[in-house]
Amino acid sequence: MLVLGTVVIHGIRSRISAAATIRDRTLEQAVIPVSVIHPKRADLKEEITLPGNIQAFIDAPIYARTNGYLKKWYSDIGTHVKAGDLLAEIEAPEVDQQLSQAQAQLATSQANMNLAEITMKRDLGMMKGAIPQQDIDNAVGAYQADKATVDSQTANVKYLQQLVAFQKVTAPFDGLITARNTDVGQLVNSGNGGTAQELFRISSTSQLRIYINVPQMYGDAAVPGVNTDLTLPETPSRHYTGKIARNTGAIDPTTRTLLTEVDIDNSSGQLKPGSYAEVHLKLPAATATFVVPVTALIFRAAGLQVAVVRDGDKADLVHVTEGRDFGTEVEITSGITANDSVIINTPDSLTSGATVRVESSN
């Protein structure tokens with residue numbers, strides 16, 4: 026009887042021990058093993074690439090200011106000129122004759138004025154009553170009229186002298202001749218009584234402007250002073266540096282973009298106006314963002330989420346906003362912080378509040 030009781034007690038204890046073991050194993054298996062990381066801070070500068078049009082810093086057509094025939098030109102396309110350099114000479118003999126005639130008329134008027142001045146001074150110097158007051162007034166009036174005639178003809182001479190000076194066409198600034206639209210013997214029209222003809226076109230290329238259209242979402246960051254990097258399709262490995270100089274300050278309602286000007290030094294002459302370029306803008310990020318592996322993302326009906334570990338062993342699913350996609354990693358613009366422990370091997374069955382066991386972290 027004693028032996029039977031011992032056997033029964035042993036059997037009960039074995040069953041209790043087995044049940045406890047099963048319970049412990051079940052609880053242990055209910056704890057999900059996970060690996061976690063701390064999110065990396067994304068670069069504080071965001072780079073975007075936009076198409077741009079390279080233009081000369083100054084680009085001006087050169088017209089004649091007097092009519093005539095082109096006598097000679099001195100600069101052809103591709104020539105670098107300095108401000109004041111002679112580009113061409115115009116032959117206008119009729120203007121020369123008009124100047125000679127005006128100078129002769131001025132000399133005659135000056136002689137008449139000098140005589141009128143002598144007469145006026147003599148009459149004014151006479152003893153009072155010696156000559157009638159009317160004669161004195163006539164002498165003063167004659168002098169003043171002759172003086173006005175001299176002033177008028179002097180101005181006319183200066184005008185004609187300026188027209189003669191315009192027979193020499195000079196460069197208004199340092200630059201490169203990009204067009205020559207005239208030749209020796211061709212009739213040149215200044216626009217008086219006809220259509221003005223463009224003789225040359227000159228471009229200042231030591232510094233260039235690149236115009237780009239910055240999307241509205243980056244408009245606040247595209248401010249003067251932001252550095253840019255420029256590349257050309259034909260030489261993608263060569264980089265040129267510039268800076269944002271100015272923008273219009275208004276969004277185009279049609280394209281929802283901000284017209285922005287980038288200035289770049291071209292003292293080497295390697296860049297050519299009219300070229301297409303790709304402009305890489307390194308814009309300051311509007312907010313702090315973080316980077317996590319794509320394996321941390323949870324795509325469910327509730328929206329994009331990631332799982333983080335709270336209180337050491339509890340999972341919490343949080344909603345996040347996705348930014349740029351880097352392939353194996355993705356940018357998160359909101360929802361997590363640098364101190365969060367983000368689960369990177371999230372099981373499909375994981376829910377908020379589930380108990381987890383952190384096995385590895387980075």
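Following the working numbering, the numbering of the sequence shown begins with 26 at its first residue and continues without gaps.
For every residue, glycine included, the Cβ atom is placed at its ideal position computed from N, Cα and C.
Residue i (DSSP reduced to helix, strand or coil)
i, result
"THR380", "strand"
"LYS172", "helix"
"GLY77", "strand"
"TYR99", "coil"
"LEU375", "coil"
"ILE323", "strand"
"ASP350", "strand"
"GLY210", "coil"
"ASN252", "strand"
"ARG48", "Its pLDDT being 49, under 50, ARG48 is placed unreliably by the model, and nothing is read from it."
"GLY244", "coil"
"ASP288", "strand"
"VAL59", "strand"
"ASP162", "helix"
"VAL345", "coil"
Within 9 Å, strictly: CB atoms of residue i and residue j
i, j, result
"ILE87", "PHE191", "no"
"ALA113", "GLN178", "no"
"ALA204", "ALA108", "no"
"LYS65", "VAL345", "no"
"GLY103", "LEU257", "no"
"GLY299", "ILE83", "no"
"PRO76", "TYR301", "yes"
"SER377", "LEU342", "yes"
Boundaries of the beta strand (DSSP E) in which residue i is found, first to last residue
i, result
"LYS268", "260-277"
"LYS297", "That residue, LYS297, is in no beta strand (DSSP E); it is neither H nor E in DSSP."
"GLY107", "The question names Gly, but residue 107 in the sequence shown is Lys. No beta strand (DSSP E) contains LYS107, which DSSP labels as neither H nor E."
"ARG90", "That residue, ARG90, is in no beta strand (DSSP E); it is neither H nor E in DSSP."
"ALA332", "328-335"
"GLN232", "223-240"
"ASP361", "Per the sequence shown, the amino acid found at residue 361 is Ile instead of Asp. Per DSSP, ILE361 belongs to no beta strand (DSSP E) and is neither H nor E."
"HIS63", "Unbroken run through HIS63: none, as it is neither H nor E."
"PRO318", "315-318"
"ARG281", "Looking at the DSSP string, ARG281 is not in any beta strand (DSSP E), and its letter there is neither H nor E."
"THR195", "193-195"
"ILE202", "200-205"
Exposure of residue i, with buried meaning 16 or more beta-carbon neighbours within 10 Å
i, result
"GLU384", "exposed"
"ILE269", "buried"
"ALA136", "exposed"
"ASP162", "exposed"
"SER366", "buried"
"ARG382", "exposed"
"ALA173", "exposed"
"VAL194", "buried"
"SER228", "buried"
"MET145", "buried"
"THR230", "buried"
"SER293", "exposed"
"LEU308", "buried"
"THR207", "buried"
"ARG281", "exposed"
"MET151", "exposed"
Whole-number beta carbon distance between residue j and residue i, since they are thought to touch under 8 Å
i, j, result
"ASP334", "ILE368", "The amino acid at residue 334 is misidentified as Asp; the sequence shows Val. Correct: roughly 7 Å between the Cβ atoms."
"THR253", "VAL304", "5 Å"
"ALA67", "PHE315", "6 Å"
"ASN92", "ALA132", "Not a contact, Cβ separation roughly 26 Å."
"TYR99", "LEU212", "Not quite, the Cβ-Cβ distance comes to about 19 Å (not below 8 Å), so this is no contact."
"LEU435", "ASN272", "Nothing in the structure corresponds to residue 435, since the chain is present only between 26 and 387."
"GLN169", "LEU124", "Rounded, the Cβ-Cβ distance is 27 Å, inconsistent with contact."
"HIS279", "LYS339", "For clarity, residue 279 is Thr in the given sequence; the question names His instead. That pair is no contact at about 52 Å."
"VAL209", "ASP121", "Their Cβ separation, rounded to whole angstroms, is 19 Å, which puts VAL209 and ASP121 out of contact at 8 Å."
Span of the alpha helix (DSSP H) around residue i
i, result
"GLY150", "118-150"
Heavy atom of the ligand ATP within 8 Å of residue i beta-carbon
i, result
"GLY328", "In the structure on display, the ligand ATP does not appear, and there are no ligands present to speak of."
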